[in-house]
Each structure stands twice: as C-alpha cells, then as structure tokens.
Amino acid sequence: MNIIVDNREKGLVKLLNAYKFMNEFDHINIQIEQLPIGDIIIKDRDGGEERIVFERKHVSDLASSIVDGRYKEQSYRLDGSCHLANHNIIYIVEGSITSLNPKFTKVKPAAIYSAICSLQYFKGFSVMKTTNMEETCEYILRMADKIYREKHIVAYYANKGQESTHQQAQAQEYCDVVKRIKKDNITPENIGIIMLSQVPGVSSAVAKALLDGGNKTLFEFVGECRTNHVFLSEFTYEQGGKQKKLSRTAIEGIDKYLLREKEVIICVNDETDEKLNDL
C-alpha cells in the first residue's frame, strides 16, 4: 500500500516513518506529494487506486476554519472533487475538544461538536477522533495495513445514484462559503454572487443581498450603481434580524474594482497633431 502525505505535513511524515519502522510494515510505502485535496491518501501500489482520503484537523485548526468559513469550503471541495464515496473520506479531529482555550478562540466546544455532526449526518463523511499526532499516525498505518491484509474482501460503497438533487442544492449554497471555487460548482445563478464576493470587504452574504439572491446580474448591478449614485450608501440588508448598511470598505472596494472607469490616453505624434488641426 502507498500512503501519500501532503508536503506540508512534515511532522506527520517523520512520525509515520518511525511507526512504520517500529511495526515492520514493509508492505507500506510512504510518499510525499503536493495533494490537491485531503492531507493523506491511501492508495494501492498496483494501479494506484485511491482507497481512503484523510482530512486531518487539529481541534484549534477546526475552530479557526469554522470562524473564517474554510471548514464549509473544504467539505464542499472534498464532496465534489473526489470519486470516493463520502464514507471513505475521513476527517481526523486531533486533540481535546473540551480544552479549547477561550483566550485564543471564541469557538466553544458545542460548535465543534455541531460541525462534526454536520460532517457525518449531512455530508456523509466519516470522522475519527484522535488524542494527538502519535495516535493519528497509528490509526492511518493500521488502516493501510488492514486494507492490504484483507484486500480480497470487497469494500462497501454507498449508491451515489441520487446525487442530482443534492448537487443542485449545493450549487445554490456554494457561493455562501467559497471565495475561490471549483468550476463544476458555478451556475448562471451564482456566478454574479461569486464574482462580487471577490471584492475586498464584500462577503458572500452581502453579495447575495446586493444581487437579490441571484435574481439580478452583475451587469445590472453595476448599471444601477452608475445611474443611482447613492445606491450603495443607502443600501440596507437584513442580517441576524437587523437592518445593516454596507461598510465603507465594501463601498470603496466596489467603486475601485467595478465602477471606476479607465482614463483614455491619446498618444499624439506630429502626424496625428496635423490631422487633429484639420478637424
């Protein structure tokens, strides 16, 4: 079996090699690559078929990703970019959830448990809780060893034939959580929201409000801003049951990146000057 580890997981690679040596797992080969998705992948040596994809998250990293939205973005990417059934995509949550320090994060343990519930129940991913990196390495190696020793047993794969409805709903929600997106998830309805949310200061929620949930095109929005000069300053949207105005950063960003027209510079030489004088 091959265990492919992302090149950013240097500490994990050292421990995996040490545990491999101690357990005499000569049939397991550990490689380092830049992985497009996941942190660790278990693959067959012959033919290289992927068996398991691991997304490793320390509890503190998971807390940070919940705050900035990366947690949802990564789960969408794993769901849409991998051919494996979701139960063979395993989130490893490493560390103690109850020991989150309130001095360094506003995320409470309840939010971590809620995220894990969403990953399992709504996304269909598997979640493994480990105490530390050592236990993570042991788990990954034991998983690879088990698959190798019992390769004659056919693995269970869920029927993914009813994905169309799920994917349609995903495409509508995707712009809420992603700033740089996979092309397969772009639709005519969310492209404007996705593009507008790239502007500094404009969140996906604000972009959705400005474009009326996708009913207004980005072209129409720009036209409205140019004809109605107080549109942005007077615009309000609802968030958390309250009416809010656009931030100065959002207004300045929209003006800078979408509304400001380039100056037309005419280079004049002697011949051009003569033609202009003849007009």
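Letter by letter, the sequence shown follows residues 1053 to 1331 of this note's numbering. All C-beta atoms, glycine included, are put in the ideal place defined by N, C-alpha and C.
L1311 versus V1274, S1285, K1198, E1076, residue with shortest Cα-Cα distance: Within the sequence shown, numbered from 1, the residue matching residue 1311 stands at position 259. Of the candidates V1274, S1285, K1198, E1076, the one whose C-alpha sits nearest the C-alpha of L1311 is V1274.
For Q1214, the three-state DSSP class (helix, strand or coil): Along the sequence shown, read from residue 1 onward, the residue named residue 1214 stands at position 162. A caution first: Q1214 carries a pLDDT of 42, below 50, which makes its placement in the model too unreliable to give a value.
Spatial neighbours of D1131 in its chain, beta-carbon cut-off 7 Å, leaving aside the 5 residues before and after: By 1-based counting over the sequence shown, the position of residue 1131 is 79. Only N1138, K1175 meet the Cβ criterion.
C-alpha gap between K1181 and T1150, whole angstroms: Here residue 1181 is taken as the residue at index 129 of the sequence shown, counted from 1. Here residue 1150 is taken as the residue at index 98 of the sequence shown, counted from 1. Their backbone Cα atoms lie some 13 Å apart in a straight line.
8 Å CB neighbourhood of K1158 in its chain, flanking five on each side removed: Residue 1158 sits at position 106 when you count from the first residue of the sequence shown. Within the same chain, K1158 has close Cβ partners V1119.
Beta-carbon proximity of I1094 to I1056, cut-off 9 Å: As a working note, residue 1094 is residue 42 in the sequence shown. As a working note, residue 1056 is residue 4 in the sequence shown. Taking 9 Å as the Cβ cut-off, I1094 and I1056 qualify as a contacting pair.
Per-residue DSSP class, three states only, for K1203: One-based indexing of the sequence shown puts residue 1203 at position 151. The answer is coil: DSSP assigns K1203 none of H, G, I, E or B.
Close-in-space but distant-in-sequence residues of the same chain around G1147 (CB under 6 Å, 5 per side omitted): Within the sequence shown, numbered from 1, the residue matching residue 1147 stands at position 95. Excluding sequence neighbours, G1147 sits near H1110, V1111.
For S1151, the first and last residue of its enclosing alpha helix (DSSP H): Along the sequence shown, read from residue 1 onward, the residue named residue 1151 stands at position 99. From DSSP, S1151 is part of no alpha helix (DSSP H); its letter is neither H nor E.
Residue environment, F1077, which counts as buried when at least 16 other CB atoms sit within 10 Å: Translated into the one-based positions of the sequence shown, residue 1077 becomes position 25. With 16 or more other Cβ atoms within 10 Å, it is buried.
As assigned by DSSP and simplified to three states, the class of K1231: Along the sequence shown, one-based indexing puts residue 1231 at 179. At K1231 the pLDDT is 47, less than 50, meaning the model places this residue with poor confidence and gives no usable figure here.
Other residues of its chain near G1063: CB distance less than 6 Å, five sequence neighbours each side excluded: In the sequence shown, the residue the question calls residue 1063 occupies position 11. Excluding sequence neighbours, G1063 sits near nothing in its chain.
Cβ neighbour criterion (16 or more within 10 Å) applied to S1299: Within the sequence shown, the letter at position 247 stands for residue 1299. With fewer than 16 Cβ atoms within 10 Å of its Cβ, S1299 is classed as exposed.
Limits of the unbroken beta strand (DSSP E) element including S1178: Here residue 1178 refers to the residue found at position 126 of the sequence shown. Where S1178 is concerned, the enclosing beta strand (DSSP E) stretches over 1178–1182.
Where T1269 falls: helix, strand or coil (DSSP): Working through the sequence shown from its first residue, we reach residue 1269 at position 217. Residue state, collapsed to three classes: coil.
Cβ pair I1089, V1065 closer than 9 Å: The residue labelled residue 1089 in the question sits at position 37 within the sequence shown. The residue labelled residue 1065 in the question sits at position 13 within the sequence shown. Against a cut-off of 9 Å, the Cβ pair of V1065 and I1089 comes out as no contact.
Residue span of the beta strand (DSSP E) that contains T1288, given as start and end: Within the sequence shown, numbered from 1, the residue matching residue 1288 stands at position 236. Unbroken beta strand (DSSP E) run through T1288: 1288–1291.
N1267 burial status per 10 Å Cβ neighbour count (16 or more: buried): By one-based count along the sequence shown, residue 1267 stands at place 215. Exposed is the call here.
Bridge partners - Y1095, DSSP secondary structure assignment: Numbered from its first residue, the sequence shown carries residue 1095 at position 43. The question names Tyr, but residue 1095 is Lys in the sequence shown. DSSP output for K1095 lists N1054, E1102 as bridge partner(s).
Close-in-space but distant-in-sequence residues of the same chain around E1085 (CB under 6 Å, 5 per side omitted): Within the sequence shown, residue 1085 is the residue found at index 33, counting from 1. Taken in chain order, the residues that qualify are I1056.
Nearest neighbour of C1277, chosen from K1294, E1313, G1293, Q1291 [CA to CA]: In the sequence shown, the residue the question calls residue 1277 occupies position 225. Residue E1313 is the option with its Cα nearest to C1277.
Distance, A1163 Cα to D1113 Cα: Taking the sequence shown and counting its residues from 1, one reaches residue 1113 at position 61. Taking the sequence shown and counting its residues from 1, one reaches residue 1163 at position 111. Straight-line Cα distance between these residues: approximately 13 Å.
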